[in-house]
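Visitor: 106 is the number of the first residue of the sequence shown in our numbering; add one for each residue after it. Just so you know, even glycine gets a beta-carbon here, dropped at the ideal spot from N, CA and C. I have a structure here, written as structure tokens, and I will follow up with some questions on it.
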Amino acid sequence: SYALSLSSINQANNKISIQNFINGIDKIKSDILTKYNFINKDKNSHKMGNKNDLDTNFDNYPPSDEKMSNKNKKHETEIKMNIDHTSDNQLIYFNKIYLLINKKDLTNNIIDDIIKRLAYFVPNIPTSRISVINQLPLNAHTKRNAILFFGSTEYIPSAVPKNRLFNIDYRHNPTDGWDWCRLANYSLNHKVEVETSKKNFIQFIKTIKKETLSKAYIFGTGPSLDKSIYRDWSDGYRIVCNTIVRDPILWNHINPHFIVAGDAIYHFGHTVFAKQFRQDLAKRLDETETYFLYPSLFDVIAQRELSKFSDRLLPVPEEYYEKINTDLTKKFIIPGLNNVLASLLLPLASTLSKQIYLWGFDGRAHGDKLFWKNSEKHTYPHLIPELQKAHPAFFEHYVPQKDSNRYIKMAFGELLDQLLIKAEREGFTFTMMHKSWTTTLQKRFRNDNNVLTSDYQSFFAERKLCPNPFISLEINRIGKVSVCCPERMNDGYKYFGNIINHSLNEIWNSKKLQNLRQVMYDGQYDISCKPFCPQLLALQKGKKPPWYSHLCKKDTYTEILKNKTILSSSYKSISVASDGSCNLNCIMCRHEKKVRPNEFEKKINLILYDQILLNISEISFLELTGNGDPFYSSEINILLKRLRTVSTEHLTIRFITNAQLLNKKRWQQIEQLNVKELRISVSIDAASQGTYESIRRGAKWSTLIEHMNMLAQKRREGKLNMLQVNFCVMKRNIHEMIHFIHLAKSWNCDSIEFQRIMGTLAGDENIFDNKNSIYLQKLASVIKDPVFEEKWIEASSLLEYRNYMPKKNTSMNNLDSDKKSNIKKIAIFMFNYPLGVSEIIIETALNLANKGFFVDIFIDHKFLEMSPISFNNEKIRVVSVQSIDIPHLNLSETLSSFSPNYLKYIQFNKRFPHFFLYIKNLLMMVNDTKYGILIGIEPLGLVSSYIISCLYNIPLIYYNMELYQLSNCRTGEAFLLKKLEIDASQKCVFSVLPDKNRTTVFIKENNIPEEKIRYLPISTGGEPIYEKGNYFRDKFSIPAWKKILIYAGNIASWAMCEELVEAGSSLPEKYVMILHFWRETTASDAFLNKLKQKASSNIYFSLQPLPRDLFIKAISSADAGLMFYRPIDENFTEIGSSSNKLSIYLKAGLPVIASDFKSIKEIFDRYKCGECATSPYEMKQAIDLIFKNYTKYKEGALKAFSDHYNFDKNFSLLLHEISNII
């Protein structure tokens, strides 16, 4: 009823329809009206207009004075009627909105943008009050008309009052967002209750000042904000800003007194970014008693969306004046200095205290984009592109490419510095608590006793100081006490006493330990430490030490600042390695199992446990055990029982285990411990059964997998606070390091620790001490992979070997040049499979080419014609394999060494008769070409590539996206193909499947060991699509107010196309459905004709395939994606990570309505990116749920793509393995 009704507008000789401007706004407007309870009672406003309703069009302007006079009289009457029937907060205080727009700017995109903005900022405007013009009426300025102009201002008379002019041209006006907010105020004649706001503000200031805090903290949103979680801020008043609201954990940790925001575009605009900020703000205000202070210009938006918190909303007037230390209780006006720091944070902080501390203002580093780098946890980086598109002039003006520091100089330059100096002369102090790129703030950086930061990890990194001698103790099985693994320490610094002779407290300040602390202060690590210690290596690179620094507390920190060697602060961590009992005898650890402790060891444990309990209040971290397994040790069980007798709520316990005994029963026992955090670190050292069981003698791979899956589930449920896995690098397991990372990711691990093997027990397995150049070379090739730079992977003790070069040439240098040249070639084989729409194959080829490989893709000509593609990449060649007989090639002779089943299937294949000719032509084509590796796609591609692999002895990989199951083999021919698939897949280096669920079926049917499986979800690459396209709207002339549901895929019964059409035909008018098919479909197709007969007028058929680059843009023009499958078998029900269309939908930012399968539901539940329905007939409820909270689902779709369906991210580890194989 609020749809704008405008006729088409003439432009030059062409009629440009803006029917989307006529019809498209009604849904947006009605949603806003309903949500914010606007009820316009103008009885005439609901009527749809026609040409007679319009005041003007471009052809009859300017109107005569007589006509305009009559029209103005009519509008004066309408206003009076409105006033008589509408409450104050619903009044429309102007006659008319004139949208003055140049003819050349009248495009669909611009009109659509204006629709969205107008509908958001002025949702209560009657249809009859809007005119789109290209020249202003003569007396437009004589009434209370709002004049919006887009483009040149040359036709606007100077007599028009400035307060009625609104420049909404986002292409050229950098402050268009502020003009829209002015319009929102003007449209309602919004009155800001300044006096009420001031009264509430003063009262709240009085209340919190009763806390008698001496300082005020203000927080920006730079990367350093991440570290603020480590500090207690309760000793000062706390003021936060902007998108910190995204992080509920940090918000509640800081528990701010105030939050401020003041940007029309980032915080009070119509974009998804701004709306997300306000949604998160509402959630945070609901959690604490924080007050929200903001410029009064934005009160109309704040009161509309945050009315629930009206008593805590503090709109404050803004005017330009040069003072940042204003007492707002006396002058309730903020300085208009164009930055949240100077305009809001500093005046508010100055009202509370004269000691002001700044955190999170990192400034703009070299290479930063836009204004500066923000903490990614505390902004919405995935929504920035949409923000840039909506306000291009804003970004071009403040951060132009030619002068990207322009805004920094304006907001944080000389003026701010002078204002701070002026305030400092009045007794204010401004302390920057960490380093900043902003010169004005860096001048005020102090890191001394008066600025105690709890980011102690960074502190140790800056000091290049190892935390161990100040925080931790480790006790071995004979009572010796160390501060680190003795194997990493030089003689004289391995041990510092024995608990048989001295207490832990006495050892803590022993002469030897004092000496070590002094060595650390002096930076003389070569005296005390081995060069491969991970702590030392991290410090040398200026990085945070991986262990113990996070346990530092204020007392220890203060003493370190004074370079004290005798510490009154106690140790914070105890590592209990006093019982070596273990169920395994690993090759690098011991020659035989240690069943139980002897009497001496029991005595050691008794002494140790007494001292732990005596000092338990000082200990915050307990590690069990560094020698043996805690779940095999009866002594550790005694300690755990004793811990239940004291308070341990502050304690974090970390179990180091092989997990062989950590079953569900043991888990239930440790889960009952009343501790702050429960962490588990599992030592594994392998990624396959054979390697694992040869290293960890006595262990079973199947038991490990079972228990790791349980721990992974506990980690996902939040019952386990940290899950780590460990890998001791040695000769026999180097080749499994990358696959181990795969496994760790599948278990949802928080971290991996790669350690070099130490000692001589394992003999020549210690390639480091033995200086085995061949294996050190292999290690170098592995750890060059960028994956080892990821923060969750600790491998610092290995990185020195990245550039390892042997002193003498090895056999690798003797490879002949022909093999060197061909080793970079890869061949992909596919038959009866569509290349042009198979994103996983396309992206594989592109990624391999980017890595430097040459890729040949062999595909039968029929399917290449059906689904063509052009890579435009000189390293990728698509080879069309023709169905031409080659009489002189005798397949029987060629395949004589193969099983008879191969020739039988190839020659007498009734379902795919051309497969015989495909194989013949293939053999001729690859005869003279050597490849480093072959990849077979699906069973037919596997069979053909397997023949070539055997003939030329080339490694083979199998890509299996569609499960080929025995249960569906209903003919002898089908059974034969399955047998060939099983035979060939068992000979592959590994097989690639989309997920674990499909793998379970595949492993069982093909008898493949799990270590020969790699996971690669069917996905696509590149960046997600934030910008909506117009392809389908333009193609089918679909108005903007209608929502498009897209099905893109096969035209097939198993895809439930018939049900989709029937169900879609009964949807409300506001929904349309498009069925787009990947292959060209003609009118003679019987199934298509059947669908068309069932389709109503809101069903559209897109029958022409699209080029790949246009396809994704076309999909982005829809609003939601559809994917339904008949539950035929696991190939369909386990579709969650195996659907090409799902990854495309999510990349385009489309929420998805899909079959109610567990595999899909898990994805939807995790990312909130879609809803399930049992069938298309039940999808209406799912559709309504999505469009009720569309922004949330769209963001979920983009996140699901980035996290789970981004091929570039998923393929990196597989790419490294392929490189290593070659």
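Mind checking which residues open and close the alpha helix (DSSP H) that includes F1080?
Guide: Where F1080 is concerned, the enclosing alpha helix (DSSP H) stretches over 1077 to 1091.
Visitor: Classify K201: buried if its beta carbon has 16 or more other beta carbons within 10 angstroms, exposed otherwise.
Guide: Result: buried.
Visitor: Confirm, please, whether the CB-CB distance from I1024 to I931 is below 8 Å.
Guide: No, the pair does not count as a contact, with Cβ atoms beyond the cut-off.
Visitor: With DSSP run on the structure shown, which of helix, strand or coil describes G1041?
Guide: Three-state result, G1041: strand.
Visitor: Out of curiosity, what's the CA-to-CA distance linking R1016 and Y1069?
Guide: Cα-Cα distance, rounded: 15 Å.
Visitor: Just to confirm before moving on: does the CB-CB distance between I1130 and I1179 stay below 8 Å?
Guide: The answer is no: Cβ separation not under 8 Å.
Visitor: Ignore the nearest five residues each way along the sequence and tell me which others in K1133's own chain have a CB closer than 7 Å to its CB.
Guide: Once the five neighbours on either side are set aside, the close Cβ partners of K1133 are S1221, S1222.
Visitor: Relative to the C-alpha of V751, which candidate in M910, I717, K1299, E1239 has its C-alpha closest?
Guide: The shortest Cα separation from V751 among M910, I717, K1299, E1239 belongs to I717.
Visitor: Count the other CB atoms within 10 Å of the CB of S1050; is the residue buried (16 or more) or exposed (fewer)?
Guide: The residue in question, S1050, is buried, as its Cβ has 16 or more Cβ neighbours within 10 Å.
Visitor: Pick helix, strand or coil for C657, following the three-state DSSP scheme.
Guide: Three-state DSSP puts C657 in coil, outside helix and strand.
Visitor: When we look at the beta-carbon of D189 and count the other beta-carbons within 10 Å, is it buried (16 or more) or exposed?
Guide: Low confidence applies to D189: its pLDDT is 27, below 50, so where it sits in the model is not reliable enough to give any reading.
Visitor: Is the separation between the beta-carbon of N581 and that of V445 shorter than 8 Å?
Guide: No, these two residues do not count as a Cβ contact at 8 Å.
Visitor: Per DSSP, which one or two residues make a beta bridge with P231?
Guide: Per DSSP, none; premise fails for P231.
Visitor: From L1290 to S236, what does the alpha carbon distance come to, in whole angstroms?
Guide: Using only the alpha carbons, I get a separation of about 35 Å.
Visitor: Does the beta-carbon of E822 have 16 or more other beta-carbons within 10 angstroms, so that it is buried, or is it exposed?
Guide: Exposed, by the Cβ-count rule.
Visitor: Quick one: grab the DSSP three-state call for H755.
Guide: Coil at H755, not helix or strand.
Visitor: May I have the straight-line CA-CA distance separating K635 from I724, to the nearest angstrom?
Guide: C-alpha separation (whole angstroms): 28 Å.
Visitor: Using the DSSP secondary-structure output, state which residues sit across from F726 in a beta bridge.
Guide: For F726, which the question treats as bridged, DSSP gives the partners S678, T757.
Visitor: Under 6 Å Cβ to Cβ from D1308, same chain only, skipping five residues before and after it: list those, please.
Guide: Contacts found: none.
Visitor: If we count Cβ pairs, one from each stretch, closer than 8 Å, do we get three or more for the stretch 302 to 311 versus the stretch 325 to 338?
Guide: No: the two stretches stay apart, fewer than three of their Cβ pairs being nearer than 8 Å.
Visitor: Regarding G1134 and the ligand GTP, is the C-beta to nearest heavy atom distance less than 7 Å?
Guide: With respect to the ligand GTP, the structure offers nothing, as it holds no ligand at all.
Visitor: Look up H966 in the DSSP assignment and say whether it is helix, strand or coil.
Guide: Note: H966 maps to helix in three-state DSSP.
Visitor: Let me make sure I understand the geometry here. Which of G1077, E970, K929, S1096 has the alpha-carbon closest to that of D961?
Guide: Considering only alpha carbons, the answer is K929.
Visitor: Suppose the cutoff is 6 Å on Cβ atoms and the five residues either side in sequence are ignored; what does the same chain contact list for T757 look like?
Guide: Excluding residues within five positions, the ones whose Cβ falls inside 6 Å are F726, K781, E782.
Visitor: Measuring straight from C-alpha to C-alpha, what distance separates S233 and I219?
Guide: When rounded, the distance between both Cα atoms is 17 Å.
Visitor: With burial defined as no fewer than 16 other Cβ atoms inside 10 Å of the residue's Cβ, what is the status of S263: buried or exposed?
Guide: It is exposed - the Cβ of S263 has fewer than 16 other Cβ atoms within 10 Å.
Visitor: Looking at V265: is its Cβ nearer than 8 Å to the Cβ of I273?
Guide: Against a cut-off of 8 Å, the Cβ pair of I273 and V265 comes out as no contact.
Visitor: For A407, report the span of its alpha helix (DSSP H) as first-last.
Guide: Start and end: 404 to 410.
Visitor: Applying the criterion that 16 or more other CB atoms from any shown protein chain within 10 Å of the CB defines a buried residue, is I526 buried or exposed?
Guide: With fewer than 16 Cβ atoms within 10 Å of its Cβ, I526 is classed as exposed.
Visitor: Note the first and the last residue of the continuous alpha helix (DSSP H) segment covering C1162.
Guide: Looking at the DSSP string, the run of the alpha helix (DSSP H) that includes C1162 is 1162 to 1170.
Visitor: For a quick check, are the C-beta atoms of G733 and C691 less than 8 Å apart?
Guide: Their beta carbons are not under 8 Å apart, which means G733 does not touch C691 by this criterion.
Visitor: Under 8 Å, do T753 and I775 count as touching if we go by C-beta distance?
Guide: Cβ distance not < 8 Å, so T753 and I775 don't count as in contact.
Visitor: Taking 8 Å as the limit between beta carbons, can you name the residues of its chain near V299, skipping five residues before and five after?
Guide: Correct list, in chain order: S401, P420, V421, P422, F437.
Visitor: Skipping 5 residues on each side, what residues in its chain have a beta carbon closer than 8 Å to that of W1159?
Guide: Excluding positions up to five away in sequence, the list reads Y1230, R1231, I1233, F1237.
Visitor: Kindly indicate which residue of T999, D467, L1071, L241 has the alpha-carbon position closest to the one of C1055.
Guide: If we check each option's Cα against that of C1055, T999 comes out closest.
Visitor: Measuring CB to CB, does L570 end up less than 8 Å from K956?
Guide: Their beta carbons are not under 8 Å apart, which means L570 does not touch K956 by this criterion.
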